[in-house]
Amino acid sequence: MEHEDAEIDDAEKAVNASLALDSASLEDLREVPATMDAFLAAIERRAWRMAEIHLGNREDALDAVQDAMLRLVHHYSDKPAGEWTPLFWGILRRRIVDLQRRRKVRSIVVGWLGGGKDDDGDELPQWEPADESPEPSARLQDSQAYADIVVALRKLPRRQREAFVLRIMEGLDVAETAAAMGCSDGSVKTHLSRAMHALRGQLEAWR
Amino acid sequence: MSQHDQELERRARNLYLRASRDVDPVIAGRLRAARRTALARPHPSTARRLLLPAGAFAVLALATLMVWQPGGGPPSPTVVAQPGDNEPNDLPPDADSADPALYKDLQFYSWLAYNDTRPSSRK
Numbered sequence: 012m013e014h015e016d017a018e019i020d021d022a023e024k025a026v027n028a029s030l031a032l033d034s035a036s037l038e039d040l041r042e043v044p045a046t047m048d049a050f051l052a053a054i055e056r057r058a059w060r061m062a063e064i065h066l067g068n069r070e071d072a073l074d075a076v077q078d079a080m081l082r083l084v085h086h087y088s089d090k091p092a093g094e095w096t097p098l099f100w101g102i103l104r105r106r107i108v109d110l111q112r113r114r115k116v117r118s119i120v121v122g123w124l125g126g127g128k129d130d131d132g133d134e135l136p137q138w139e140p141a142d143e144s145p146e147p148s149a150r151l152q153d154s155q156a157y158a159d160i161v162v163a164l165r166k167l168p169r170r171q172r173e174a175f176v177l178r179i180m181e182g183l184d185v186a187e188t189a190a191a192m193g194c195s196d197g198s199v200k201t202h203l204s205r206a207m208h209a210l211r212g213q214l215e216a217w218r
Numbered sequence: 002m003s004q005h006d007q008e009l010e011r012r013a014r015n016l017y018l019r020a021s022r023d024v025d026p027v028i029a030g031r032l033r034a035a036r037r038t039a040l041a042r043p044h045p046s047t048a049r050r051l052l053l054p055a056g057a058f059a060v061l062a063l064a065t066l067m068v069w070q071p072g073g074g075p076p077s078p079t080v081v082a083q084p085g086d087n088e089p090n091d092l093p094p095d096a097d098s099a100d101p102a103l104y105k106d107l108q109f110y111s112w113l114a115y116n117d118t119r120p121s122s123r124k
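First to last, the sequence lines map onto chains A and B.
Take any residue in the first sequence, note its place counting from 1, add 11, and you have its number in our numbering.
Take any residue in the second sequence, note its place counting from 1, add 1, and you have its number in our numbering.
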C-alpha cells in the first residue's frame, strides 16, 4: 500500500516535471478565452480528438462534442470563464460514457437477434458503426506513433484512460481532472499511476 | 520516476496536440458549424426569466377563477324558520293545552278567521 502511494506521488511529480517541459504549449492550452465562442473554438478540435480516442469512431466523436458544446452553452454560460474548462471536459466525458453504453446495448440486441454467431456457431465480431472515412492519423507526420498511443490507450480501463487523457494529454491539474471525472483527487492519482504502469509496458518501443 | 516516463508523457501530449491541430478539414468545418449552432440557440435562462412570471400569472388567474363566482354577491344568510311565523300550521291544536272556554265562542272565532283571510273586505 505504501509502495503504491509512493508510486502515485512519484507519478504526480513526473507529471508536473513533464508538464514543465512543454510549458509554452501548456500555457496556450490553459489560457481561458473571455468569450464562449473563443473558448469553444480553442477546444473543439482537441475535444473531438479526445472523443475519438475513447469512442473509436469519428461520427460518434462529432456527436459527443456537438452535444457537449450545446450543454455547456445552455447550462453554464453564466458561470465564470475560469470554470468552463473542467465543466466542458466533464460534460464531454459523460456524453462519451453514454454513447459507449448505448453502443453496448446495441451489441447485446444484435446478439439476441442472432447476430452473435454465424451458421457454424462461431462468434461474430461485435457490431460497430461503420467508419468509412480515411484514417486521419495517416495524414500526420508521426502517424504511427499516434496510432500506437491511441491503441494503447484504448486497451486501458475507461477510468485510467480518462485520467491519462485529461491530466497528461490535455494538461488539466489534478483538481480540474477530478472535477471533470467526478471523483476525488486521490482517485485521479491512483488511476493515473495505474495508467502509466500499463502504458509503460505497452509502449516499450518508445524507449 | 524515470526519464522514460517523462518522455512518454511529453510525447503523448505532443502527438495529441499535433493530431488536434491537423484535424481533417471536413471535420474542422463540421465542428465549426456545431459551435455556431450551439451559440445560436436561445439562451435558456432568458426563456426561464420569461416563463417563470408567465407561469405564476397563470396560476394566479386560475386561483382567481376558482374563487370568484360570476354574478354572485355575498351569500344571503340562511333564514331559520321560527315558530309562530306565517307558515301554515298543518298540525291540529293540542287538545290538552287548549283553553276549554274557546269552544264556547267557536262561531266568533270562525267569523274572525274568515274575515282575517279576506283583507280586501276591510278596505
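Even glycine gets a Cβ: it sits at the ideal position worked out from N, Cα and C.
Beta-carbon to beta-carbon, I107(A) and A62(A) are separated by about 6 angstroms, close enough to satisfy the 8 angstroms threshold.
A Cβ of chain B is located within less than 7 angstroms of the beta carbon of Q77(A). Relative to the Cα of E70(A), the nearest Cα in the group L32(B), E10(B) and F109(B) belongs to L32(B). The contact set of R113(A) on chain B, defined by CB atoms closer than 7 angstroms, is empty, because the minimum CB distance reaches about 19 angstroms. Counting C-beta pairs with one atom in each stretch, the stretch 205 to 214 of chain A and the stretch 4 to 12 of chain B have three or more that are closer than 8 angstroms, which means they touch. C-alpha of Q111(A) to C-alpha of K166(A): approximately 15 angstroms in a straight line. Residue state for W69(B) is assigned as coil, using DSSP reduced to three classes. Put simply, the stretch 156 to 166 of chain A touches the stretch 9 to 27 of chain B. At least three CB pairs are less than 8 angstroms apart. Per DSSP, the unbroken alpha helix (DSSP H) holding I107(A) starts and ends at W95 to V121. Of all residues in the stretch 10 to 22 of chain B, only E10, R11, R12, A13, R14, N15, L16, Y17, L18, R19, A20, S21 and R22 place a beta-carbon less than 8 angstroms from a beta-carbon of chain A. Looking from the CA of A79(A), the closest CA among A191(A), M180(A), G122(A) and A174(A) belongs to A191(A). Judged by beta-carbon spacing, A35(B) lies beyond the 7 angstroms limit of Q155(A), meaning their Cβ atoms are not closer than that value.
In terms of beta-carbon proximity, V60(B) stays away from the interface with chain A, with every pair separated by 7 angstroms or more.
V24(B) reaches chain A at R56, W59, R60 and P147, counting residues in chain order whose Cβ is nearer than 8 angstroms. At least one beta carbon of chain B lies nearer than 7 angstroms to the beta carbon of I160(A).
Close to A29(B), with beta-carbon spacing below 8 angstroms, are these residues of chain A in chain order: R56. Counting the other Cβ atoms within 10 Å of the Cβ of T46(A) gives fewer than 16, which makes it exposed. Excluding five sequence positions before and after D196(A), the CB atoms of its chain that fall closer than 7 angstroms to its own CB belong to V185, A186 and A189, given in chain order. Under the 7 angstroms criterion on CB atoms, A41(B) is classed as non-interfacial with respect to chain A.
The residue from A58(A), R178(A), W59(A) and T96(A) with its alpha-carbon nearest to that of T201(A) is R178(A).
DSSP places L61(B) in the helix class (H, G or I) of the three-state scheme. One thing to note: W59(A) has its Cβ within 7 angstroms of the Cβ of A72(A). Under a criterion of Cβ atoms nearer than 7 angstroms, the residues of chain B adjacent to I179(A) are, in order, E10, A13 and R14. Between the alpha carbons of L203(A) and R11(B) lies a gap of roughly 15 angstroms. A Cβ-Cβ separation of about 6 angstroms places V176(A) in contact with I64(A) under the 8 angstroms criterion.
For the options G67(A), V43(A) and R205(A), the alpha carbon positioned closest to that of G93(A) is the one of V43(A). Shown here, G67(A) sits in coil according to DSSP, grouped into three states, outside any helix or strand. Residue contact with chain B for V199(A): absent (no Cβ-Cβ distance below 7 angstroms to any residue of chain B). Ranked by Cα distance from A39(B), the options L83(A), G122(A), R104(A) and G67(A) are led by L83(A).
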